[in-house]
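Numbering (the UniProt record's numbering), first residue to last: 1 to 471.
Note that the Cβ used here is the ideal one computed from N, Cα and C, for glycine as well.
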Amino acid sequence: MAQIVGGGRPVNDAERRVIAHLRDSAPDDWLLLHNIEVPRGDDAFEVDLIVVTGHSLCLIDVKGTRGRIEVSGTRWFPARRDVFGSPVAKLRGNGRALKGLLTRNHRELERVYVDSVVVLTGADAELVDPAGRDSRHVTDLAGLVPMLSDVSRVRRGYTPDAGPYRTAVIEALNGSVRRSTSPPRFGNWEVEEQLGGDNRTTEYRAINATLPGSETVLLRVYRADPLAEEEPRAAERRLIANAYQSLTRIPPHPCVVRSRDFFAIDDESRFVLVLDDVHGQALHLYMSSSGRRRSVEADLDVVEDMLLGLAHVHANHVIHRALSPARVLVTEDGRAMLTGFDYAKPGPRPHTVANELPNVLDTHYVAPECQARPERMTAAADVYAAGAIAFQLLTGELPSPGGDGAGEARPGVPAEVMELLRRMRDPSPTGRPTAAEALEDLRRAREGLPREREPMLLGRLRNRFLRAARR
């Protein structure tokens with residue numbers, strides 16, 4: 001039975017299960033410290049569990065996420081909710097920060113290895129990690145003690161016997177960490193579960209603290225530097241607020257994620273965006289899901305909802321600019337919703353966040369005119385991205401860079417739909433329909449009606465107007 005040497009109150013049942021499991025199943029000489037905060041500059045990061053074993057000190061993050069979870073790069077795509085940043089990457093960064101604190105006054109602890117492990121407590125949780133970068137740091141409850149007992153996890157250059165350093169480790173921890181006395185709370189929202197994040201944001205599922213049992217929301221908590229100079233601080237604030245500003249320009253719509261609130265914490269070191277907690281999965285995961293055959297009609301419904309949402313966004317003078325399968329959610333009832341408006345453009349304004357786009361764009365869905373110049377993103381570029389996404393959904397393949405050719409669709413997909421997707425991916429922005437026109441053509445194709453042809457003069461006038469509007 002491991003010894004619990006201190007800690008705060010567990011946030012949820014998943015954390016309680018892991019703490020109890022280690023207490024009852026781990027070796028007697030292991031030490032447990034749970035639900036603590038570690039200071040980092042003027043801020044702090046939360047750690048679910050720290051375990052001191054005979055050969056290492058390990059940070060543990062508990063995730064109650066259920067079902068299939070696919071890893072792609074630095075993001076996790078769970079089966080029943082929006083994509084989030086890899087908790088492994090974040091936990092390893094926190095581990096490096098903690099190691100720095102421990103060795104500040106105890107240089108001998110340089111030899112002690114600081115490990116990191118994410119525990120998936122859902123009975124049906126399954127991590128699919130083709131690259132294998134995260135999986136070696138992830139386990140389920142049954143595999144937790146064996147993983148922590150594995151001395152081979154200690155990297156070369158560190159001691160495999162941490163026993164002689166135990167007293168120094170405990171002293172350093174006592175001087176570096178503090179107990180977390182209650183679940184994190186942002187304004188009136190109390191955290192139920194930390195979902196993931198990266199160096200810039202952390203995502204939580206939360207409830208209204210004054211209404212226990214109320215529906216959950218999704219919190220995106222952005223970190224900011226309150227001590228930065230005014231100019232870079234203002235730029236950082238504009239970037240953080242961009243998603244909220246964009247979503248407030250868009251009236252509520254069933255195919256666009258809804259923003260509920262946006263506010264700053266204390267000295268503006270953190271900003272909180274409150275969103276609807278959509279119970280669904282990223283289209284990226286929906287397209288790669290196995291074990292079931294999707295019907296053509298269901299996939300066409302997804303395409304129609306995506307265009308319905310995009311037409312609504314454009315009608316309210318907002319350009320998404322970063323549309324990809326990771327930013328389209330498919331709900332449990334088969335509806336598609338647009339999300340991920342962090343880099344959107346909400347109409348004319350005196351500043352831009354387009355300089356951040358090269359860091360987040362998936363080039364497979366970037367229009368030809370924007371490949372080298374992302375700041376040239378227009379509504380036509382959104383249409384191109386939607387066409388590429390729909391093509392991939394209906395054919396199982398990414399479109400060729402040139403955009404020519406109708407592609408090989410699954411049986412049952414009308415030829416008129418594939419022709420529409422070709423026009424949506426026209427190399428020239430003026431050759432693409434608007435989102436509203438694409439939506440109308442899709443509906444007509446699904447009903448077996450011919451597309452209404454524009455008179456040649458009207459088409460030329462429309463293209464001239466579009467070119468003028470994009471200047």
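{"Asked": "In chain order, which continuous runs of the alpha helix (DSSP H) of length 4 or greater are located wholly inside the segment 344–428?", "Found": "379–395, 415–424"}
{"Asked": "Any idea if residue 121 is buried or exposed, counting beta-carbon neighbours within 10 angstroms, 16 or more meaning buried?", "Found": "buried"}
{"Asked": "So that I know if they touch, is there some Cβ in chain B lying closer than 8 Å to that of residue 21?", "Found": "This model lacks chain B altogether, as it is built from one protein chain only."}
{"Asked": "For residue 240, which residues of its own chain have a beta-carbon under 7 Å away from its beta-carbon, when the five flanking residues on both sides are left out?", "Found": "222, 224, 271"}
{"Asked": "Note down the Cα distance separating residue 248 from residue 76, rounded to an integer number of angstroms.", "Found": "27 Å"}
{"Asked": "The beta strand (DSSP E) with residue 259 in it runs from where to where?", "Found": "259–265"}
{"Asked": "Relative to the alpha-carbon of residue 9, which residue among 70, 192, 161 has its alpha-carbon at the smallest distance?", "Found": "192"}
{"Asked": "Quick check: the segment 95–109 against the segment 164–175, are at least 3 beta-carbon pairs closer than 8 Å?", "Found": "yes"}
{"Asked": "Which residue wins for smallest C-alpha separation from residue 43, given the options 27, 154, 265, 362?", "Found": "265"}
{"Asked": "Compute the beta-carbon to beta-carbon distance between residue 275 and residue 218, rounded to the nearest angstrom, for a pair I have assumed lies under 8 Å.", "Found": "5 Å"}
{"Asked": "Can you tell me which of 324, 329, 330 puts its alpha carbon nearest to the alpha carbon of residue 343?", "Found": "324"}
{"Asked": "Hey, residue 338 and residue 278: beta-carbon distance below 8 Å or not?", "Found": "no"}
{"Asked": "When DSSP builds the beta bridges, which residues end up paired with residue 139?", "Found": "119"}
{"Asked": "Excluding the 5 residues preceding and the 5 following residue 74 in the sequence, name in chain order all residues of the same chain whose CB lies nearer than 8 Å to its CB.", "Found": "85, 86, 89, 198"}
{"Asked": "Considering only the alpha carbon of each residue, which of 127, 148, 130, 100 lies closest to residue 116?", "Found": "148"}
{"Asked": "Can you list, in chain order, the residues of its chain with a C-beta nearer than 6 Å to that of residue 392? Leave out the 5 residues immediately preceding and following it.", "Found": "398"}
{"Asked": "What runs of the beta strand (DSSP E), each 3 residues or longer, lie entirely inside the segment 175–245?", "Found": "189–197, 201–208, 217–223"}
{"Asked": "Using the DSSP secondary-structure output, state which residues sit across from residue 145 in a beta bridge.", "Found": "Beta-bridge pairing links residue 145 to no other residue."}
{"Asked": "For residue 155, I'd like the list of residues in its chain whose CB is within less than 7 Å of its CB, leaving aside the five on either flank, ordered along the chain.", "Found": "113"}
{"Asked": "Between the Cα of residue 189 and the Cα atoms of 258, 27, 273, which residue gives the shortest distance?", "Found": "273"}
{"Asked": "If we ignore side chains and look at the alpha-carbon of each, how far apart do residue 4 and residue 208 end up?", "Found": "31 Å"}
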